[in-house]
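The sequence shown begins at 7 in my numbering and counts up one residue at a time. Where a beta carbon is used, it is the ideal one built from N, C-alpha and C, also for glycine.
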Amino acid sequence: MSEGKHISVLLDECIENLNIRPDGIYVDGTMGMGGHSFQIASRLTTGRLICIDRDPVAIERAGKRLAPFGDLVTIVHGNFCDTSRILDDLEIRGVDGMLFDLGVSSPQLDEIERGFSYMGDAPLDMRMNSEDALKASDIVNTYTEDRLNRIFWDYGEERYARRISAAIVKYREKKPIETTLELVSIIRSALPAPALREKQHPAKRCFQAIRIAVNDELGAVAAMMETAPDKLNTGGRLCVISFHSLEDRIVKNGIAARENGCTCPREAPVCTCGFVKTLRSVSRKPILPTQEELENNPRSRSAKLRVAERV
């Protein structure tokens, strides 16, 4: 069974920390091209792997890649924020490990027609699930200047958010913004000369921010951290790879809330708030890509893996 050429981020670290048992039940909540899923499934004998993805293209392609594993793998078209409900629908009460890779898959970035990339011209789309209603074009053409500013500032950490938002609103007074390169041109026009000379592409932060808004990525991460860990069996592992500081903060705080959530005063002799510890951090600091991985896959440079165990 060939794995293909797709490079999965922090693959070895994820597999090691999942502590995969041949008869265990596991979830890959963000299947993508199936790189992590392939490695998990290849370690199962009588176990089961539930693969979830919101992108129909990923479902089709990864489905072919994972087909040789037969009944060991169940693929579900859905959002990882609904992992708990999906497991209920499958009548699975508990699992031995969960993996969530919150990054955008390489095909979504590389296939220009999806509208995620600022490197080629395409309709402004950026939907991970083509069945969703909200597109990138809706955001840039209908959101108020203040709302655009908040998106660029909060989700993209774009220091020129206000200038870019104003430029977008001014431009769309003449005509709708329809394509990716049209938006790139507007962003460029709003930036001062020093910003245009930076190594990073001038549209990168805004495109990231719009993508997060279109797909409600932060809301999905928060919902997942609120409910999914409850489906872990005792000793089961939760592995989450994030690529954005806001995502990582949600994951970090979600683990901490289940690990150190007691609100009683320190001087209290016993806990009276009713807190029950459900997760234990396996590593206090996030696991980062090795130098070798960074050289082989530059897209992994902002990746952080956090691991927790059900207690």
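Got a sec? Which residues, its chain only, sit under 6 Å from residue i by beta carbon, not counting five neighbours each side?
{"i": "residue 18", "result": "none"}
{"i": "residue 209", "result": "124, 190 and 193"}
{"i": "residue 21", "result": "45"}
{"i": "residue 7", "result": "Caution is warranted here: a pLDDT of 37 is assigned to residue 7, below 50, making its placement in the model unreliable, and the coordinate value is therefore given only provisionally. Once the five neighbours on either side are set aside, the close Cβ partners of residue 7 are 74."}
{"i": "residue 51", "result": "28"}
{"i": "residue 10", "result": "With a pLDDT of 40 at residue 10, under the threshold of 50, the modelled position of this residue cannot be trusted, and the question is left open."}
{"i": "residue 13", "result": "303"}
{"i": "residue 260", "result": "231"}
{"i": "residue 222", "result": "none"}
{"i": "residue 166", "result": "197"}
{"i": "residue 109", "result": "249"}
{"i": "residue 182", "result": "147"}
{"i": "residue 171", "result": "151, 154 and 155"}
{"i": "residue 71", "result": "40"}
{"i": "residue 188", "result": "none"}
Let me check one thing: in DSSP terms, what residues is residue i bridge-paired to?
{"i": "residue 311", "result": "247 and 293"}
{"i": "residue 79", "result": "55"}
{"i": "residue 185", "result": "129"}
{"i": "residue 31", "result": "54"}
{"i": "residue 105", "result": "34 and 245"}
Does DSSP put residue i in a helix, a strand or coil?
{"i": "residue 146", "result": "helix"}
{"i": "residue 9", "result": "In this prediction, residue 9 has a pLDDT of 39, which is less than 50 and means its spatial position is unreliable; what the coordinates show is noted afterwards. Coil."}
{"i": "residue 86", "result": "helix"}
{"i": "residue 233", "result": "helix"}
{"i": "residue 288", "result": "coil"}
{"i": "residue 238", "result": "strand"}
{"i": "residue 316", "result": "strand"}
{"i": "residue 94", "result": "helix"}
{"i": "residue 227", "result": "helix"}
{"i": "residue 45", "result": "helix"}
{"i": "residue 283", "result": "coil"}
{"i": "residue 306", "result": "helix"}
{"i": "residue 99", "result": "coil"}
{"i": "residue 155", "result": "helix"}
{"i": "residue 113", "result": "helix"}
{"i": "residue 162", "result": "helix"}
{"i": "residue 205", "result": "coil"}
{"i": "residue 121", "result": "coil"}
{"i": "residue 14", "result": "coil"}
{"i": "residue 191", "result": "helix"}
{"i": "residue 60", "result": "coil"}
Spatial neighbours of residue i within its chain, please: C-beta separation below 8 Å, excluding the five flanking residues on both sides.
{"i": "residue 236", "result": "90 and 284"}
{"i": "residue 163", "result": "211 and 251"}
{"i": "residue 245", "result": "20, 23, 24, 103, 104, 105, 106, 311, 312 and 313"}
{"i": "residue 92", "result": "56, 58, 82 and 84"}
{"i": "residue 254", "result": "248, 292, 310 and 312"}
What distance in whole Å lies between the Cβ atoms of residue j and residue i, which are believed to be in contact at a cut-off of 8 Å?
{"i": "residue 38", "j": "residue 107", "result": "7 Å"}
{"i": "residue 286", "j": "residue 265", "result": "6 Å"}
{"i": "residue 315", "j": "residue 288", "result": "6 Å"}
{"i": "residue 54", "j": "residue 80", "result": "7 Å"}
Spatial neighbours of residue i within its chain, please: CB distance less than 7 Å, with the 5 preceding and 5 following residues excluded, ordered by chain position.
{"i": "residue 226", "result": "85, 86 and 87"}
{"i": "residue 67", "result": "39"}
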